[in-house]
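For the record, the sequence lines run as chains A and B. Each residue of the first sequence is one higher than the one before, counting from 5 in my numbering. Each residue of the second sequence is one higher than the one before, counting from 5 in my numbering. Glycine is no exception: its CB is placed at the ideal position from the N, C-alpha and C atoms. Here's the structure we're looking at; comments come further down.
2 protein chains.
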Amino acid sequence: MDDYAEAEYRARLARAQAMMAEADLAALFLTTEPEIRYFTGFLTRFWESPTRPWFLVVPAQGDPVAVIPAIGAHLMAQGWISDIRTWAAPDYADDGIGLLAETLRELVPEGGRIGVPSALESHLRMPLADWARLGGMLGRRVLTEDALILRRLRMVKSSTEIERIRHACAVAGRAFARVPEIARAGVPLSDVFRNFQILCLEEGADWVSYLAGGAGPDGYGDVISPATDAPLAAGDILMLDTGAVTGGYFCDYDRNWAVGPVSSIAQNGHARVIEATQAGFEAARPGATAADLFHTMNAVLGGDAAGRLGHGLGMQLTEWPSLIPADQTVLEPGMVLTLEPCLETVPSRSIVHEENIVITATGAEWLTAPAGPDLPVLEA
Amino acid sequence: MDDYAEAEYRARLARAQAMMAEADLAALFLTTEPEIRYFTGFLTRFWESPTRPWFLVVPAQGDPVAVIPAIGAHLMAQGWISDIRTWAAPDYADDGIGLLAETLRELVPEGGRIGVPSALESHLRMPLADWARLGGMLGRRVLTEDALILRRLRMVKSSTEIERIRHACAVAGRAFARVPEIARAGVPLSDVFRNFQILCLEEGADWVSYLAGGAGPDGYGDVISPATDAPLAAGDILMLDTGAVTGGYFCDYDRNWAVGPVSSIAQNGHARVIEATQAGFEAARPGATAADLFHTMNAVLGGDAAGRLGHGLGMQLTEWPSLIPADQTVLEPGMVLTLEPCLETVPSRSIVHEENIVITATGAEWLTAPAGPDLPVLEA
Numbered sequence: 005m006d007d008y009a010e011a012e013y014r015a016r017l018a019r020a021q022a023m024m025a026e027a028d029l030a031a032l033f034l035t036t037e038p039e040i041r042y043f044t045g046f047l048t049r050f051w052e053s054p055t056r057p058w059f060l061v062v063p064a065q066g067d068p069v070a071v072i073p074a075i076g077a078h079l080m081a082q083g084w085i086s087d088i089r090t091w092a093a094p095d096y097a098d099d100g101i102g103l104l105a106e107t108l109r110e111l112v113p114e115g116g117r118i119g120v121p122s123a124l125e126s127h128l129r130m131p132l133a134d135w136a137r138l139g140g141m142l143g144r145r146v147l148t149e150d151a152l153i154l155r156r157l158r159m160v161k162s163s164t165e166i167e168r169i170r171h172a173c174a175v176a177g178r179a180f181a182r183v184p185e186i187a188r189a190g191v192p193l194s195d196v197f198r199n200f201q202i203l204c205l206e207e208g209a210d211w212v213s214y215l216a217g218g219a220g221p222d223g224y225g226d227v228i229s230p231a232t233d234a235p236l237a238a239g240d241i242l243m244l245d246t247g248a249v250t251g252g253y254f255c256d257y258d259r260n261w262a263v264g265p266v267s268s269i270a271q272n273g274h275a276r277v278i279e280a281t282q283a284g285f286e287a288a289r290p291g292a293t294a295a296d297l298f299h300t301m302n303a304v305l306g307g308d309a310a311g312r313l314g315h316g317l318g319m320q321l322t323e324w325p326s327l328i329p330a331d332q333t334v335l336e337p338g339m340v341l342t343l344e345p346c347l348e349t350v351p352s353r354s355i356v357h358e359e360n361i362v363i364t365a366t367g368a369e370w371l372t373a374p375a376g377p378d379l380p381v382l383e384a
Numbered sequence: 005m006d007d008y009a010e011a012e013y014r015a016r017l018a019r020a021q022a023m024m025a026e027a028d029l030a031a032l033f034l035t036t037e038p039e040i041r042y043f044t045g046f047l048t049r050f051w052e053s054p055t056r057p058w059f060l061v062v063p064a065q066g067d068p069v070a071v072i073p074a075i076g077a078h079l080m081a082q083g084w085i086s087d088i089r090t091w092a093a094p095d096y097a098d099d100g101i102g103l104l105a106e107t108l109r110e111l112v113p114e115g116g117r118i119g120v121p122s123a124l125e126s127h128l129r130m131p132l133a134d135w136a137r138l139g140g141m142l143g144r145r146v147l148t149e150d151a152l153i154l155r156r157l158r159m160v161k162s163s164t165e166i167e168r169i170r171h172a173c174a175v176a177g178r179a180f181a182r183v184p185e186i187a188r189a190g191v192p193l194s195d196v197f198r199n200f201q202i203l204c205l206e207e208g209a210d211w212v213s214y215l216a217g218g219a220g221p222d223g224y225g226d227v228i229s230p231a232t233d234a235p236l237a238a239g240d241i242l243m244l245d246t247g248a249v250t251g252g253y254f255c256d257y258d259r260n261w262a263v264g265p266v267s268s269i270a271q272n273g274h275a276r277v278i279e280a281t282q283a284g285f286e287a288a289r290p291g292a293t294a295a296d297l298f299h300t301m302n303a304v305l306g307g308d309a310a311g312r313l314g315h316g317l318g319m320q321l322t323e324w325p326s327l328i329p330a331d332q333t334v335l336e337p338g339m340v341l342t343l344e345p346c347l348e349t350v351p352s353r354s355i356v357h358e359e360n361i362v363i364t365a366t367g368a369e370w371l372t373a374p375a376g377p378d379l380p381v382l383e384a
């Protein structure tokens with residue numbers, strides 16, 4: 005379980021209930037890991053199993069009610085939630101839907117509106133057939149969208165959340181500092197990936213939910229591939245991008261290295277993405293928009309950046325907002341962001357750089373120890 | 005990318021299309037990681053990011069069409085799929101739904117039925133609001149359930165899939181053998197968890213998607229909790245249960261150890277779950293049902309087992325079928341299962357044991373090296 009004080013959850017609940025009152029919602033209905041953990045502290049890797057659905061109902065007044073498989077009752081009861089209703093999942097006759105409908109009918113008056121996260125970056129983690137069935141079991145209660153309440157809540161982090169992200173960043177920072185121990189010319193990229201995860205664990209990660217990267221002359225072709233067995237070669241630029249987790253919170257940043265002597269193309273490209281990151285950091289303050297940060301960084305990159313140049317971060321590897329021209333989210337203190345400029349160095353090859361920051365009352369603060377313009381060099 | 009030969013994917017497609025013909029489905033519409041990887045080989049940890057939806061359309065004739073964010077095009081193009089349609093996600097005006105609807109209208113005739121996995125252990129990985137919008141953009145084409153086609157396909161593994169699971173089991177087996185290096189009285193459970201993941205990586209895991217466990221006198225309270233910092237103590241039973249991944253396939257099994265001298269309660273409990281596992285293995289053959297395995301193991305356990313006593317395994321940590329009384333799935337060669345009996349040793353504390361097997365033409369074969377009845381002892 006998350007070991008936050010109950011006050012942390014009560015503050016989240018109070019914010020949610022204020023937004024629900026504004027949006028005329030009688031309850032929120034939640035099904036995914038971060039949504040449920042946000043209100044309950046229920047932290048487990050058991051979500052890796054797709055077998056069982058998990059439900060949380062947050063009523064307009066009163067405390068959340070967990071409607072969950074019996075296998076999770078022991079863990080849920082270690083937290084602050086006291087109303088825990090269980091069934092023996094998987095149940096082929098009724099996999100919790102009867103119990104859930106009964107709970108919703110109890111907590112939501114006839115005609116009441118039940119908010120479900122429905123917009124971008126959300127999904128419903130339960131079988132579609134059960135979702136359809138649920139709709140018919142609620143009388144005149146209506147399942148509708150959640151007025152972006154979950155997004156608005158989670159996008160602004162509490163100080164305890166920020167400290168957890170800062171801690172995850174520090175863990176990955178120590179692992180990045182040790183990369184010369186594991187990477188040099190001749191080492192297969194798959195070994196680098198495996199050993200980098202070991203470094204993250206040695207430095208204190210609870211687990212390493214994400215690692216991507218690439219290597220190639222003057223840059224790499226994409227940034228989402230798992231590793232191949234191809235060995236690092238002199239002239240390669242190596243990039244590692246990790247989402248290490250501590251206390252249920254992610255970092256998400258990368259570092260680049262040159263294998264042996266570095267070309268001016270790669271060095272200049274790296275210096276440029278560092279400069280763009282710095283410009284993004286300087287533009288980051290309350291009142292600026294996500295789009296502003298995109299445009300600021302894009303100007304340094306030459307003006308033709310494709311894709312997004314950063315995003316939110318927290319209980320998930322990527323969260324709202326997106327640093328893209330269309331995102332008019334106004335930055336507020338407590339928002340945690342990645343700055344992630346990308347520059348094509350040679351055709352079809354790029355260098356990506358990424359740091360993590362938090363918006364403060366007057367500007368922004370680094371959560372990572374920002375990299376300098378010079379590419380660190382690995383043994384060729 | 006998965007490096008299977010194209011023949012593997014063509015065989016999967018042919019099986020799917022035969023089932024689609026039987027079920028009168030003009031296409032399958034898929035949104036989740038294992039569903040899309042099953043047909044395309046698209047293997048990436050980037051699914052950890054919830055930002056972008058990914059779509060695959062499998063038509064009744066012809067090859068699958070990927071409708072995916074542009075960031076994934078480079079990786080997808082390394083596989084066998086040639087029709088890859090992309091958009092610049094996230095797009096707040098239309099996050100791929102227009103392109104998807106156009107693709108479905110092209111591949112599915114008016115009045116055609118489009119199958120979507122909808123039953124237990126499935127979900128739809130896209131925003132609910134976009135799902136609702138999609139329904140209105142398809143003319144007289146109908147989104148309906150998939151006649152359990154994905155379940156029926158994935159439940160029976162090919163020989164190459166079985167070899168990958170066997171490999172993951174071997175990796176975890178070598179890590180389990182080294183647990184005495186990292187666990188003894190006085191070591192915090194959180195350190196054991198961290199170091200066990202390191203052992204899995206050292207022994208060849210690509211990544212460690214799941215680790216749970218517990219420790220306590222004569223057993224543990226639940227099997228889904230992350231580790232606390234409580235140190236191991238003499239008299240504890242330690243259990244580690246891992247889903248290590250190699251080549252995109254999971255193992256899922258556990259091992260138990262006694263810290264110091266073992267009580268007869270714990271030793272007898274352990275011997276009993278081993279005996280139940282062995283009985284399950286002997287009952288596992290084509291023609292037996294999932295329920296048969298439950299009842300066979302339950303008889304050894306004393307007849308009052310709660311919950312399921314095993315499940316399928318493959319691209320996910322847990323898959324169909326479930327070893328529960330209600331599951332009448334008839335076992336077939338190629339099904340990969342866990343046998344996972346659980347016994348309460350003292351009130352609210354249990355010992356769980358788990359092995360992985362594959363159904364063969366004449367019976368079953370161990371994918372793990374099965375544990376013996378005696379609890380191995382760690383230094384007290």
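Run the CB neighbour count on residue i, radius 10 Å, all protein chains shown included, and call it buried at 16 or more, exposed below.
| i | result |
| --- | --- |
| Y214 of chain B | buried |
| A330 of chain B | exposed |
| R14 of chain B | exposed |
| T366 of chain A | exposed |
| Q332 of chain B | exposed |
| V112 of chain A | buried |
| S122 of chain A | buried |
| Y253 of chain B | buried |
| P184 of chain A | exposed |
| Y257 of chain A | buried |
| Y96 of chain B | exposed |
| F377 of chain A | Per the sequence shown, residue 377 of chain A should be read as Pro rather than Phe. By the neighbour-count rule (16 or more Cβ atoms within 10 Å), P377 of chain A is not buried but exposed. |
| A187 of chain A | buried |
Residue i by DSSP, collapsed to three states: which one?
| i | result |
| --- | --- |
| C255 of chain A | coil |
| R144 of chain A | coil |
| Y42 of chain B | helix |
| E14 of chain B | One detail in the question is off: residue 14 of chain B reads as Arg in this sequence, not Glu. Residue state, collapsed to three classes: helix. |
| D222 of chain B | coil |
| P184 of chain A | helix |
| D240 of chain B | strand |
| I355 of chain A | strand |
| G76 of chain B | helix |
| R129 of chain A | coil |
| E37 of chain A | helix |
Report, in whole angstroms, the separation of the C-beta atoms of residue i and residue j, which I expect to be a contact under 8 Å.
| i | j | result |
| --- | --- | --- |
| A70 of chain B | T44 of chain B | 6 Å |
| T232 of chain B | L193 of chain B | 6 Å |
| V385 of chain B | L242 of chain B | Summary: the structure shown does not reach residue 385 of chain B, with chain B confined to residues 5 through 384, and so no result is reported for it. |
| P230 of chain B | R129 of chain A | With 8 Å as the limit, P230 of chain B and R129 of chain A do not qualify as a contact, their Cβ atoms being about 20 Å apart. |
| T322 of chain B | S53 of chain A | 4 Å |
| H171 of chain B | T250 of chain B | 5 Å |
| E149 of chain A | G119 of chain A | 6 Å |
Tell me which residue opens and which closes the alpha helix (DSSP H) that residue i is part of.
| i | result |
| --- | --- |
| F298 of chain B | A294 to L305 |
| L108 of chain A | I101 to L111 |
| F200 of chain A | L193 to E206 |
| S395 of chain A | Chain A is shown only over 5 to 384; residue 395 of chain A falls outside these bounds and no answer can be derived. |
The beta strand (DSSP E) that contains residue i, what's its start and end?
| i | result |
| --- | --- |
| F33 of chain B | A31 to L34 |
| S162 of chain A | No beta strand (DSSP E) holds S162 of chain A; DSSP gives it neither H nor E. |
| V227 of chain B | Counting along the chain, V227 of chain B falls outside any beta strand (DSSP E), and DSSP gives it neither H nor E. |
| V61 of chain B | F59 to P63 |
| T90 of chain A | I88 to W91 |
Near-chain A residues of the stretch 124-140 of chain B - C-beta to any C-beta below 7 Å:
If the cut-off is 7 Å between Cβ atoms, the stretch 124-140 of chain B has L124, E125, S126, H127, L128, R129, M130, P131, L132 and A133 near chain A.
Would you list, in chain order, the members of the stretch 219-230 of chain B that have their beta-carbon closer than 9 Å to a beta-carbon of chain A?
Those would be G225, D226, V227, I228, S229 and P230, in chain order.
Just by C-beta distance, which residues in the stretch 320-331 of chain B are closer than 9 Å to chain A?
Residues Q320, L321, T322, E323, W324, S326, I328, A330 and D331.
Could you run through the stretch 162-185 of chain B and flag, in chain order, every residue whose CB is less than 7 Å away from some CB of chain A?
In summary, no residue of the stretch 162-185 of chain B has a CB separated from any CB of chain A by less than 7 Å.
Scan the stretch 27-61 of chain A for residues whose Cβ lies nearer than 9 Å to a Cβ of chain B and list them as they occur along the chain.
Those residues of the stretch 27-61 of chain A that come within reach of chain B (Cβ to Cβ, closer than 9 Å) are T35, T36, P38, L47, T48, R49, F50, E52, S53, P54, T55, R56 and P57.
Please name the residues in the stretch 92-118 of chain B whose beta-carbon is closer than 8 Å to at least one beta-carbon of chain A, in chain order.
Per Cβ criterion, the list reads A92, P94, D95, Y96, A97 and D99.
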